[in-house]
Structures are given as structure tokens and as C-alpha cells.
Amino acid sequence: MNLHLYNTRLRDKELFKPQDPHRITMYVCGPTVYNRVHIGNARPAVVFDTLFRVLKSLYPEVVYARNITDIDDKIMAAAQASGDSIAEVSARFAQAYFDDMDELNNQTPTIQPYATEHVPQMIAMVERLVAKGHAYAAEGHVLFAVQSMPDYGKLSNRSLDDMLAGARVEVAPYKQYAGDFVLWKPSNEQEPGWDSPWGRGRPGWHLECSAMIETHLGETIDIHGGGRDLIFPHHENEVAQSQCAHDGELFVRYWMHNGYINIDGEKMSKSLGNFKMVRDLLDHYSGETLRFALLSAQYRSELSFSVDLLDQAKSALDTLYGGLKQLQSLEAIKPDNLNDQPFYQALLDDLNTPIAIRELHGICKAMLQAKGDEQAKLKGLLLSCGELLGLLQQQPEGWFKQAVSDDAISADKIEALIEARQQAKRDKDYGRADEVRAELLAAGVVLEDSREGTTSWRRE
RNA sequence: GGCGCGGUAGCAAAGUGGUAAUGCUGUGGACUGCAACUCCGCCAUCGUCGGUUCGAUUCCGACCCGCGCCUCCA
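Numbering-wise (the working numbering), the first sequence opens with residue 301 and increments by one.
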């Protein structure tokens, strides 16, 4: 079983060879908790959760860490605006993030470290960088000297000269070189801060990840993931800090970056204001529908996000759950492994989820045509494959009857109307029967009569 | 200016040097009291122009268009 992954570091797909096949280490950049996350923030969570599942199917132990950044100027601003403390704001939005990620069927990462719980490690790392000549203190700040690292810019494939030519860099007076970035910055009395050798202050943006990776996963990790927009400066600077602190030891073996979610051809982002909050989408679509939509494109591709996309995801899931519903009473026979399955092969090829989903449909179709044990095996296969994607794990009845919005018609009322329609049908009063069906359809409920005369229902 | 990505049916999205998966939608039919579900069938020549090749959507070149990063960003 060979897993191939696209490695940003090499700009090529390559065979995944872990450092230690008994213990895989993966780190993914989590949110800065100053507000609710949008669907673009959810993409890496879903993508790397899927990778987490695949890795667990291949290796005995996978340590997956996803951080919570709970100290940041944006959190300070949010706290100021709301009147709550920084701790209250970050705790509230961290919990909101966990809730949203749960809704999307993401498994809980092995470790969810908080930046504020690793400040001593960050300070220690800065001290080491200063001692090794890679960083310098100036006016209460400590800066990383990018020119001290020959390979700086390698991950993002850019040279120092080119970067500065872009000229969006604000050159602070305390910088020795325009491209140097902040490791530590001073805090005033109103701002949160920690005592350090350079005075009371707080860490720069990139430092936390380096410190938490070192603390929990070691100097060299197998996989580091995040959105494409983090390649520079965030990940480039993480590499710089970590490798220089570790005397050049390789920091990350496989760098993985997911593409953006686009709306009308443009990147969804907070600065453009064209984002959709996960929470708001959940008012209209189930978490599983959102997850399916996010997996409908290969993770490195951009994904065109729209109401259409979500409707399509919902319909596709209806088809798959519809197949499972037909065989509800059939006991599934789970496969021992998925090794020979095209579905699995697709995922092992850099998480080709569109092909994996195609295979899901193929298995479902084959399942409905099969008989006996073969059918039970295909049902088990479909469920096992679905599990690897974090899909199809609920009862079909539950899928079809879940009410997504609060003002949906109740199940009791639906049942009552169905009984009224059954009576009308018995009376051959088809006009009345159709009336009831139209009434329910208007409320978003579709009726399905069976050959036996029973009627089941589902929400659209 | 530097670096990079992409243009495939109405929508979404794979893929391959030998005339293009899959899903959704639409549509024809079977089934149904009528529907829904299900089943059978139909619906693209892959941005443009050149080149290489027996043959290119797939390789090369040019061009057009769109998008991204260049210290807020998943």
C-alpha cells in the first residue's frame, strides 16, 4: 500500500515514507480564535481529517496536532470591542470552532495545543535563536535575521530580493533588514504579556507553531498542512525558526497545502468579505452535506463554492443514503481491508476524493443490483469507504428525516398528514391524497409510496 | 516587477498521447392512481492559434482570459 502525497517543498508528488512507520506525526495550522470560522477555514480541517483517517488505516499510530492560536492582536481587538477579556473571547471562539468541526464529522485531533500554554517554550526557542546568531533584540523586539539562513525562501520558492521588490513590507526602524520578521514584541500595560529576557511582551505570529511542534511532535515531523496562503510568510518562517533552532535539522518532510475556496471566481477571504460562516451554512445544510461539498474537489484544486454546489452535494448524498435505505434491514459484512479497492487507491493517490466519490457511487449501484452475501459485502464496503471520508455513517432514516432549520414541520405532524392521505387513498379520493402530498411538499417533505402500500417520507 | 496556479458539458469536477470518469440538473422511456424512489437511455471534442506525432484535450511554443502569493488571511 503506497501513499503518494504532493509535497510543496519539492513541488512534486512523491511516495510517502514516514520517519518512523510506527508513529506518524502530522501538524495542521488551526484557527486564531477571534470569531467564527468560515467555510474556507473548514476546508483544511476536513481535508486533513480525511488524511488522518487514511493514515490511521495504514499505520499503527498517528499523532495529529492542530493548534488553537489564542493570543493574537486580532483577539485583543475583538476583546476590546466586546468588552470581554481576551481569555473569554478566545475560549468562546475555540469552543465554537470545536462545535463547527464536530458538525463536519471531523474527528478530534490527537492533540489540540494552545499557544498561551507554550510561551515558555517559545521564549526558550527565541533564546536559542539569539544565541546561535539567527535573531537579535532591538527596542524590546526580537527579530529573526532572515539573511542568516541561506535557504530562507526555499519553501515558497522566492528569493529575498524578489520578496522585497514586492514592496508591501513595512520597514520598521528596528529591523536590521527589511525582510526580518518578529519573534517577540513588547506589550504595553493594557496588552497581554509575559515576562521575558527582553522585557514584558508577547510572541510573534509564527513562533507558536514551531514551539508546539517541537514540544509535542519533535524536531522533524512527517506532515505539516495548512491553506495555500500560509506558505508565505507563515510556513516559510516556521521553517526558518525551527531549522535554525535545531542546527539545520529538517523540520517537515512533507508540506501539504490545500487550495482556496472561490466564490464567483475569487478567493473567499475575510478581507474581501465574501465569506460564508460555517455556522450560517449549518442553518440550511447538514454538516455532512458541507463535508461532501468540500471533498467534491481534490484538495489542491480551487473549489467553486455556491448554493448550487451544496444542493448538488445534498442530492448526491440522497442517492447514496437512498441506496442504504433500501437495504436497511440487511446486515452489512464489513471488508477486512480496502487494499484492492479503486476507492482506496484513489485516496492513496494524494487524496483524490473526486475519484473516491465516483467509486462510492459505483459501489452503491453494484450493491443495489447484487444479491445475498454479495450484497451484504457491498453494503459493508460502502460503509467502510464512507467512513474513511467521514460520510454515510448515520442511519438512512436519520439522514432523510433530519430537520436542518428550526421552523421545519415536525415529524408528528408529517405522520398525521400521511395517515390522512392513506385514508383518502383507501377511499380512492385521489384529489385529497394529492392535496396532502402537495401540502407536505410545500413544507419540504417528499412522500414515497411503496409497493406494499406504506408511505415513507424524507425532507428535501 | 518577481513567483505560481488555472481555463474540460447548464453546474461541480476527475482524467488520459489513441477521439473525455462521476455526481447534480435537464430530457426520453419503464415503474406509479398521479408522484417520489429505482431502473434503462440521451445530452461535451476539453480557451485560441501554431508545432511535434500515424494520432493531442493530454507534449512544446505563442497568445487571450481568469485567479493567487510577495509579511492580515485556510
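Backbone N, C-alpha and C fix where the C-beta goes; we use that ideal spot for every residue, glycine too.
Per-residue burial, Lys317 [other beta carbons within 10 Å of its own, 16 or more giving buried]: exposed
Nearest-angstrom Cβ-Cβ length linking Arg591 and Leu717, presumed shorter than 8 Å: In fact, because the Cβ distance is near 32 Å, the residues do not count as touching under 8 Å.
Rounded distance between the beta-carbons of Gly453 and Trp484, thought under 8 Å: About 22 Å; that fails the 8 Å criterion.
First and last residue of the uninterrupted beta strand (DSSP E) at Val430: It is not in any beta strand (DSSP E) - Val430 instead sits in the alpha helix (DSSP H) that spans 419 to 431.
When Arg343, Ala733, Glu403 are compared against His557, the one with the closest alpha-carbon: Arg343
Cβ-Cβ distance between Leu582 and Glu403 below 8 Å: yes
For Ile761, the first and last residue of its enclosing alpha helix (DSSP H): Residue 761 falls outside the range modelled here, since the chain spans only 301 to 760, and no answer is possible.
Of the residues Leu429, Met463, Arg458, the one placed nearest Ser448, counting alpha carbons only: Leu429
For Tyr334, the three-state DSSP class (helix, strand or coil): coil
Cβ-based burial, Arg311 [other Cβ within 10 Å; buried from 16]: exposed
First through last residue of the alpha helix (DSSP H) which encompasses Ser390: 386 to 403
Assigned secondary structure, Thr369 (DSSP; H/G/I helix, E/B strand, else coil): strand
Extent of the continuous alpha helix (DSSP H) run through Ser542: 536 to 545
Start and end residues, beta strand (DSSP E) containing Leu310: Element bounds for Leu310: n/a, residue is neither H nor E.
Stretch pair the segment 316 to 331 + the segment 356 to 363: three plus CB contacts closer than 8 Å: yes
Distance, Gly744 Cα to Asn302 Cα: 46 Å
DSSP three-state assignment for Asp749, whether helix, strand or coil: strand
Beta-bridge partners of Met556, as assigned by DSSP: Gly525
Backbone CA spacing between Asp480 and Gly440 [nearest angstrom]: 15 Å
First through last residue of the alpha helix (DSSP H) which encompasses His516: 507 to 516
Cβ neighbours of Val426 in the same chain (closer than 6 Å, five flanking residues each side left out): Val442, Leu483, Trp484
N-terminal and C-terminal residue of the alpha helix (DSSP H) that Arg658 is part of: 653 to 669
When Gln407, Arg658, Gly383 are compared against Val354, the one with the closest alpha-carbon: Gln407
Coarse secondary structure for Phe575, derived from DSSP in three states: coil
The segment 551 to 567 in contact with the segment 513 to 528 per 3-pair CB rule at 8 Å: yes
Glu566 - DSSP class collapsed to helix/strand/coil: strand
Spatially closest choice to Ala435 from His535, Asp462, Met463, Ala545, by CA coordinates: Ala545
Met577 versus Ser596, Ala646, Gly559, Phe605, residue with shortest Cα-Cα distance: Phe605
Span separating the alpha-carbon of Ile368 from that of Tyr414: 5 Å
Check whether Asn537 and Phe444 have beta carbons under 8 Å apart: yes
C-alpha distance - Ser571 paired with Asp564, whole-angstrom precision: 15 Å
Closest residue to Gln380 among Tyr364, Tyr334, Gln395, Gly340 (Cα-Cα distance): Tyr334
Closest residue to Asp580 among Ala396, Ala738, Met326 (Cα-Cα distance): Ala396
Limits of the unbroken alpha helix (DSSP H) element including Ile324: Element bounds for Ile324: not the alpha helix (DSSP H) but the beta strand (DSSP E), 324 to 328.
Distance CB(His535)-CB(Leu455) smaller than 8 Å: yes
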